[in-house]
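Number of protein chains: 2
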Amino acid sequence: MSADEKADVVIIGAGPVGLFAVFQLGLYDIHCHLIDSLDRPGGQCAEFYADKPIYDVPGYPSILAQELIDRLLEQVSPFKPQFSFGQQVVDVEPIADQGFRVSTHKGQVIDTKFVVIAGGWGPIWPQDQPPGDSAKPDPTSDWGVALHDGSVVADTEKFETSLPGIFAIGDACMYPGKVRLLLSGFHEAALMAQAVRRLLQPPKRETQLYTSSSSKLQKKLGVIE
Amino acid sequence: MSADEKADVVIIGAGPVGLFAVFQLGLYDIHCHLIDSLDRPGGQCAEFYADKPIYDVPGYPSILAQELIDRLLEQVSPFKPQFSFGQQVVDVEPIADQGFRVSTHKGQVIDTKFVVIAGGWGPIWPQDQPPGDSAKPDPTSDWGVALHDGSVVADTEKFETSLPGIFAIGDACMYPGKVRLLLSGFHEAALMAQAVRRLLQPPKRETQLYTSSSSKLQKKLGVIE
Chain V
83 MSADEKADVV
93 IIGAGPVGLF
103 AVFQLGLYDI
113 HCHLIDSLDR
123 PGGQCAEFYA
133 DKPIYDVPGY
143 PSILAQELID
153 RLLEQVSPFK
163 PQFSFGQQVV
173 DVEPIADQGF
183 RVSTHKGQVI
193 DTKFVVIAGG
203 WGPIWPQDQP
213 PGDSAKPDPT
223 SDWGVALHDG
233 SVVADTEKFE
243 TSLPGIFAIG
253 DACMYPGKVR
263 LLLSGFHEAA
273 LMAQAVRRLL
283 QPPKRETQLY
293 TSSSSKLQKK
303 LGVIE
Chain E
83 MSADEKADVV
93 IIGAGPVGLF
103 AVFQLGLYDI
113 HCHLIDSLDR
123 PGGQCAEFYA
133 DKPIYDVPGY
143 PSILAQELID
153 RLLEQVSPFK
163 PQFSFGQQVV
173 DVEPIADQGF
183 RVSTHKGQVI
193 DTKFVVIAGG
203 WGPIWPQDQP
213 PGDSAKPDPT
223 SDWGVALHDG
233 SVVADTEKFE
243 TSLPGIFAIG
253 DACMYPGKVR
263 LLLSGFHEAA
273 LMAQAVRRLL
283 QPPKRETQLY
293 TSSSSKLQKK
303 LGVIE
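Chains V and E supply the protein sequences, listed in that same order.
Numbering-wise, the first sequence is residues 83 to 307 according to this note's numbering.
Numbering-wise, the second sequence is residues 83 to 307 according to this note's numbering.
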């Protein structure tokens with residue numbers, strides 16, 4: 083069987099943290115395909131509290147969850163991510179030296195170099211066994227990633243799981259000190275992106291570029307010609 | 083000699099990360115006093131690129147540095163931080179079992195339970211030896227905090243330095259994977275605040291409150307009565 087599609091990175095979960103991962107990876111020309119069980123981007127933010135204000139997003143004294151999602155979608159738009167909505171990931175199978183084959187419950191198959199588990203559990207619970215079902219199986223245990231109290235264990239340098247090439251960011255991941263805040267998910271996405279960037283494109287020199295000063299990054303964002 | 087003032091936490095540096103630390107600590111009724119060598123809040127953001135856009139603040143496709151500072155000031159305003167501008171910290175001296183005595187080059191003395199080194203180096207370089215002077219002394223080495231390549235080593239669970247009770251967040255701190263991004267500083271501030279909160283107020287139960295759902299936090303923010 084051959085894959086329907088290829089991607090540099092498959093992100094499981096299209097909530098705010100998954101979306102921001104697209105931005106961070108996009109800065110380094112790394113293309114993402116997001117899969118979510120919902121029928122639209124936004125994850126829990128859009129599903130459970132779209133019209134509720136959030137007060138602890140840095141720089142926003144108050145922002146409605148849906149507005150945050152809309153702004154994140156605008157922020158990632160230069161990087162044109164692919165989306166597969168209404169699908170759960172049912173299998174992540176290593177391909178020797180080539181990454182992973184990701185399969186959804188609707189039969190979509192994507193070959194990818196890296197997998198990022200982003201956000202909550204929605205995207206990876208089989209549709210007939212929703213979260214809250216005490217007998218729920220754990221798909222990630224089949225993929226071989228180590229868990230702690232039902233969350234995916236990640237390191238704090240690269241946010242990589244126990245399985246090299248699979249990363250975990252946002253509410254799904256766990257490490258000492260972890261707090262389930264959006265702002266932590268954004269940081270986790272940024273450090274994951276640096277790690278993936280180094281794996282894909284070993285840097286000639288270790289210069290960190292900044293969006294506020296790098297014309298190279300600003301061209302990618304379309305804010306300068 | 084007695085201290086002029088007392089504070090729960092002295093934050094050295096009133097840039098965006100120091101300001102956001104006020105917010106995170108304020109949620110738990112922890113009061114902050116910020117010291118900065120500049121004459122206004124904002125740190126490097128306000129000093130060097132106030133009118134420049136930043137593109138990688140999550141949820142802001144573009145924001146001017148000064149606008150970000152203004153919004154952070156609005157976000158922390160419910161917590162009424164104290165500010166000491168135009169002052170460098172010249173000494174941080176442990177007080178047995180009581181925290182630290184912080185002294186500035188103008189002779190201000192503040193006793194505090196915890197110290198947070200936030201942001202860049204401006205606030206702690208003696209005025210007559212600015213950063214870039216190759217013969218510059220390192221004030222933090224006198225305070226006993228471990229350094230790596232000139233940055234303050236912090237753990238990734240509490241962002242505490244080698245000296246218990248002194249924390250480091252933002253551009254001044256270093257740990258494996260560290261990238262000098264504002265969004266990482268915000269995460270570091272949040273986890274530091276959780277650590278300080280636990281040290282000051284051992285929780286009866288380990289329930290994490292969220293600004294979007296907790297009426298207790300919303301009352302502190304003044305968004306509900």
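Glycine included, C-beta positions come from ideal geometry on N, C-alpha and C.
Everything numeric in this text was worked out from a predicted model, so none of it was measured.
Mapping DSSP to helix, strand and coil, what is residue 249/V? Under the three-state reduction of DSSP output, residue 249/V falls in the strand class.
How would you list, in chain order, the residues of chain V whose beta-carbon sits under 9 Å from the beta-carbon of residue 134/E? Under the 9 Å cutoff, chain V gives 294 and 295.
Taking Cβ-Cβ distances shorter than 7 Å, what residues in chain E pair up with residue 273/V? Going along chain E in sequence order, the residues near residue 273/V (Cβ under 7 Å) are 259 and 261.
Stretch-stretch touch, CB-based, cutoff 8 Å, three pairs: the region 268-287 of chain E with the region 234-253 of chain E: Yes, since at least three Cβ pairs between the region 268-287 of chain E and the region 234-253 of chain E fall closer than 8 Å, the two stretches touch.
Can you find at least 3 beta carbon pairs, one from the region 134-146 of chain E and one from the region 292-305 of chain V, that sit closer than 8 Å? These segments touch.
Going by DSSP in three states, residue 139/V sits in which element: helix, strand or coil? Taken through DSSP and simplified to helix, strand or coil, residue 139/V comes out as strand.
Using the rule of at least 16 other Cβ atoms within 10 Å of the residue's Cβ for burial, across every protein chain shown, is residue 304/V buried or exposed? Around the CB of residue 304/V, fewer than 16 other CB atoms lie within 10 Å, so the residue is classed as exposed.
Helix, strand or coil: how does DSSP classify residue 196/V here? Residue state, collapsed to three classes: strand.
Under 9 Å, CB to CB, which of the residues in the region 180-192 of chain E have a partner in chain V? Of all residues in the region 180-192 of chain E, none comes within less than 9 Å of chain V when Cβ atoms are compared.
List, in chain order, every chain E residue whose beta-carbon is nearer than 8 Å to that of residue 153/V. From the beta-carbon of residue 153/V, the residues of chain E found nearer than 8 Å are 141, 142 and 143.
Could you please give me the residues that DSSP links to residue 242/E through a beta bridge? Its beta-bridge partners are 249/E.
Go ahead and label residue 153/V buried or exposed: buried means 16 or more other beta carbons lie within 10 angstroms of its beta carbon, across all protein chains shown. Residue 153/V is buried by the Cβ-count criterion.
Using beta carbons (cut-off 9 Å, strictly below), is residue 265/E in contact with chain V? At least one chain V Cβ lies under 9 Å of residue 265/E.
Starting from residue 201/V and walking both ways along the beta strand (DSSP E), at which residues does that stretch end? Counting along the chain, no beta strand (DSSP E) covers residue 201/V, and no H or E run does either.
Does DSSP put residue 269/E in a helix, in a strand, or in coil? The three-state secondary structure of residue 269/E, taken from DSSP, is helix.
To the nearest angstrom, how far is the alpha carbon of residue 263/V from that of residue 130/E? Computed Cα separation, rounded: 30 Å.
Distance between residue 246/V and residue 194/V (C-alpha atoms, nearest Å): Residue 194/V and residue 246/V have their alpha carbons spaced roughly 13 Å apart.
Run of the alpha helix (DSSP H) containing residue 151/V, from where it starts to where it stops: Secondary structure note for residue 151/V: its alpha helix (DSSP H) is the uninterrupted segment 147-158.
Return yes when the Cβ of residue 112/E is within less than 9 Å of the Cβ of residue 99/E, no when it is not. No.
First through last residue of the beta strand (DSSP E) which encompasses residue 116/V: Residues 114-117.
Length of the line joining the Cα atoms of residue 188/E and residue 198/E: Going by C-alpha positions, residue 188/E is about 20 Å away from residue 198/E.
For chain V, find out if any of its Cβ atoms is closer than 9 Å to the Cβ of residue 156/E; answer yes or no. So yes, residue 156/E belongs to the interface.
Between the alpha carbons of residue 85/V and residue 125/V, how many angstroms are there, rounded? Roughly 26 Å separates the two Cα atoms.
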